[in-house]
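Top to bottom, those sequences are chains A and B. With the working numbering as the guide, the letters of the first sequence map in order to residues 1207 to 1511. With the working numbering as the guide, the letters of the second sequence map in order to residues 17 to 121.
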Amino acid sequence: MTPGNPGHLPARRSYREATARRRLAGILDPGSFTELLGPSERVTSPHLAGLGLAVAFDDGVVVGRGLLGGRVVLAASQEGGFMGGAVGEVHGAKLVGLLRRAERERPAGVLLLLDSGGVRLQEANAGLVAVSEIMRALLGARAAGVPVVGLIGGGWGCFGGMGIVARCCDALAMSEEGRLGISGPDVIEATKGVEELDAADRALVWRTYGGKHRYLLGEADLLVEDDLAAFRDAAAALLASPRSLDEGALAREHERLARRLADFGGCTDAADVWRAAAVPDPDRLPLLDADAFRRAVAAARGEEP
Amino acid sequence: MERLAFELESAGPPAPRAPPVVVGVVASGNLEVLVEPGDLAGRCRVEVATSANGFAEIWDAVLRDFAARNAVAGLALSVNDAGATPAVVSLRLDQAVEEYLGQRP
């Protein structure tokens, strides 16, 4: 709020509200994006057509090449509006192809704008195979020295196999609105009962899966506002700091996860984790904007914000 | 799933050739429209794949109105529809042609 101008908010272009194509246009240098296998190619899902379901000309993912701050990157953007961004055979093959191309061409990095409920149930077997191929190709690109950065801020979050793909990246940037997990809230409620997780309780769902909790747990590297420019800056910053993929790095990550389990394994709610992590005033965390939240977490960790 | 094809009369000069444009998303109550240069002189070809069966007459009316509003001769439009209402279809068609014609050469 600006004094003397009540109700004024800084101009912001929502990442969450944008389509997959508009997200790419807002993240990459203006006019720099060239799509590979674009809609005119009409490479659509044969499985959906066989079931008499509507197809999309890009099968729900836009892939191509562009510039980020003048440096060549390959990028993919999943369209959550089409079948929840779910991964079918064609959708998955486009992601695999992009990552393999990165391994060959060695761009400055790969950006994955993730917005997906996981595998597309209508083509489940092909989708499952695709997800494992995506992981293989992603790690291949990283092993070749190409950093892969994931951005999560869409309405469908990042779940199932794509949740695992996300954590195979060098780094992730999330907004509070973005969510990351394996089994989503509805799946847990359906299999374990409403006492385990009430999927209709939006506050519970977002404090469990949302960007703030993932940042506090060390799964998201940057927490940003729901803003295209903020995601763009985050992508540029994260591409500049790739993570080592050697055996030592993996051993350190396993140690970190073991410590995390020891510290927080007894917690039954995200708010308990925040309390155990000694974040001041934990019940207020969901109300803070991204800047104030990062400062609060930095103070609890004894870091410079 | 129903597939419909139309060839629309459209007054005005033929639309220029430009790179293809896609707008909209195949989400419930929504549609995507792909605009490309077509092969019919003086007419606009439209191919529709829709998940709502039995609405050919409505599509015909909506598309005729669209071709009367816009100079779309020489264009080819391809539509994937997931049950959008006629009003949404009209807006999306107008948006698609506006973006196609608005591209810098």
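Glycine included, every Cβ here is placed at the ideal spot set by N, Cα and C.
Identify every run of the alpha helix (DSSP H) within the segment 21-87 of chain B, keeping only runs that are complete inside it and at least 4 residues long; order them along the chain.
72-85
What is the C-beta distance between A:P1486 and A:A1502, in whole angstroms, given that I count them as a contact (C-beta under 8 Å)?
6 Å
For a contact meaning CB atoms closer than 9 Å, what does B:L50 contact in chain A?
P1245, S1246, R1248 and F1263
In the structure shown, what three-state DSSP assignment does A:T1208 receive?
Caution is warranted here: a pLDDT of 42 is assigned to A:T1208, below 50, making its placement in the model unreliable, and the coordinate value is therefore given only provisionally. Of the three classes helix, strand and coil, the one that applies to A:T1208 here is strand, per DSSP.
With A:V1354 as the anchor, note down where its beta strand (DSSP E) starts and where it stops.
V1354 to I1358
Report the neighbours of B:A65 on chain A: residues whose CB is nearer than 8 Å to its CB, in chain order.
A1260 and V1261
Separation of A:S1450 from A:R1306, as counted between CA atoms:
19 Å
Less than 9 Å between the C-beta atoms of B:V95 and B:V41, yes or no?
no
Identify, in the order they occur along the chain, each residue of the same chain with its Cβ nearer than 6 Å to the Cβ of A:T1414, setting aside the five sequence neighbours on each side.
A1476
Run through chain B and tell me which residues come within less than 9 Å of A:F1365, C-beta to C-beta.
What A:F1365 touches in chain B: nothing, since even the nearest Cβ is about 18 Å away.
Measure the CB-CB distance between B:E18 and B:T66 and report whether it falls below 9 Å.
yes
Flag A:F1470 as yes if its beta-carbon sits less than 9 Å from any beta-carbon of chain B, otherwise no.
no
Spell out whether any CB of chain A is found under 9 Å from the CB atom of B:A16.
Coverage of chain B is limited to positions 17 through 121, which leaves residue 16 of chain B absent and any answer about it impossible.
Could you have a look at A:A1332 and say whether DSSP puts it in helix, strand or coil?
helix
Comparing the C-beta of A:T1208 with each C-beta of chain B, is any distance below 9 Å?
Any reading at A:T1208 must be qualified, since the residue scores a pLDDT of 42, below 50, and its modelled position is unreliable; no value is offered.
For B:G54, which residues of its own chain have a beta-carbon under 7 Å away from its beta-carbon, when the five flanking residues on both sides are left out?
C60, R61, G90, L91 and A92
Applying the 10 Å Cβ sphere with the 16-neighbour rule, what's the burial state of B:Q119?
exposed
Nearest to B:V113 (by Cα), restricted to the options B:T101, B:L79, B:N69 and B:P102
B:L79
Go through the segment 1463-1487 of chain A residue by residue and report every complete run of the alpha helix (DSSP H) that reaches 4 residues or more, in order.
1476-1482
By the DSSP assignment, the alpha helix (DSSP H) with B:M17 in it spans what residues?
No alpha helix (DSSP H) holds B:M17; DSSP gives it neither H nor E.
Is B:N46 close to chain C, meaning its C-beta is less than 9 Å from at least one C-beta of that chain?
The chain inventory of the structure shown lacks chain C, comprising the protein chains A and B.
With A:V1296 as the anchor, note down where its beta strand (DSSP E) starts and where it stops.
Counting along the chain, A:V1296 falls outside any beta strand (DSSP E), though it belongs to the alpha helix (DSSP H) covering E1295 to E1311.
Among residues of its own chain, excluding the 5 on either side of A:A1377, which ones have a beta-carbon nearer than 6 Å to its beta-carbon?
V1355, D1427 and L1444
How far does the alpha helix (DSSP H) with A:G1369 in it extend, from its first residue to its last?
G1367 to C1374
Where the segment 25-47 of chain B meets chain A: residues whose CB sits under 8 Å from a CB there:
P36, V38, V41, V42, A43 and N46
How far does the alpha helix (DSSP H) with B:S106 in it extend, from its first residue to its last?
P102 to L117
Buried versus exposed, by CB contacts within 10 Å (16 or more), A:E1223
exposed
Classify A:D1433: buried if its beta carbon has 16 or more other beta carbons within 10 angstroms, exposed otherwise.
buried
Where the alpha helix (DSSP H) through A:A1255 begins and ends:
P1252 to G1256
When you check each C-beta in the segment 1286-1305 of chain A against every C-beta of chain B, which residues fall closer than 9 Å?
G1286, G1287, F1288 and M1289
With a threshold of 8 Å, are at least 3 pairs of Cβ atoms found where one atom belongs to the segment 1357-1373 of chain A and the other to the segment 1300-1320 of chain A?
yes
Going along chain B in order, which residues have a C-beta closer than 9 Å to the C-beta of A:T1240?
Within 9 Å Cβ-Cβ: nothing; A:T1240 doesn't reach chain B, min ~11 Å.
Quick one: grab the DSSP three-state call for A:T1225.
coil
Straight-line CA distance for A:E1453 to A:V1325?
30 Å
Please decide whether B:S106 counts as near chain A, where near means a Cβ-Cβ distance under 9 Å.
no
In three-state DSSP terms, what is B:A89?
coil
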